[in-house]
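Remarks on the structure that follows.
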Amino acid sequence: MSAIRVPVVEKIFSTNAKIANQNRQNLTNKKVLAINLMASPGAGKTSFILATIKRLKDQFRIGVIEGDTAPVTIDADKIISAGMPAVQINTGGDCHLDASMMG
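Position 80 of the sequence shown, counting from 1, maps to 150 under the numbering used here, and the rest follow consecutively.
Given below as structure tokens:
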């Protein structure tokens, strides 16, 4: 059996990339630093964010956009309890936030 090669004319994520570039430009224009933190469930993302907030809250304005595959707000609630604004986005089962979810 031989392999079949299919030419790809357009990048699969080209629409997402365009929106991501617009988001990046908007953030740059507003002098906002955005950090994308991704890891598997239970890796310590929320603990890391809370520790970062504790260390930097007096030097920077901080906000968190929390993406979750389920409609629970446990992590966003922890961020809010630490005194920071947080927004929960339900990804509908996706393990990441697409650029369109941020725009």
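We put the CB at the ideal spot given by N, CA and C, even for glycine.
Limits of the unbroken beta strand (DSSP E) element including residue i
i       : result
Asp-145 : No beta strand (DSSP E) holds Asp-145; the alpha helix (DSSP H) holding it covers 144-151.
Ile-135 : 134-138
Among the options, nearest to residue i - alpha-carbon criterion
i       : options                   : result
Val-157 : Glu-136, Ala-169, Gly-114 : Glu-136
Pro-155 : Phe-130, Pro-141, Pro-111 : Phe-130
Beta-carbon spacing of residue i, residue j below 8 Å
i       : j       : result
Thr-116 : Thr-139 : no
Val-102 : Ile-119 : no
Met-108 : His-166 : yes
Lys-248 : Ala-87  : Lying before the first or after the last residue shown, residue 248 is absent from the chain, which here runs from 71 to 173.
Bounding residues of the alpha helix (DSSP H) (the contiguous stretch that carries residue i)
i       : result
Asn-160 : Taken as a continuous stretch (DSSP letters only), Asn-160 belongs to no alpha helix (DSSP H), being part of the beta strand (DSSP E) at 156-160.
Ile-89  : 84-99
Ser-170 : 169-172
Ala-121 : 115-126
Burial state of residue i, where buried means 16 or more other Cβ atoms lie within 10 Å
i       : result
Asp-147 : exposed
Asp-145 : buried
Ile-149 : buried
Any non-hydrogen atom of the ligand FAD closer than 7 Å to residue i Cβ
i       : result
Gly-114 : Looking at this structure, you won't find the ligand FAD or any other ligand, since it has none at all.
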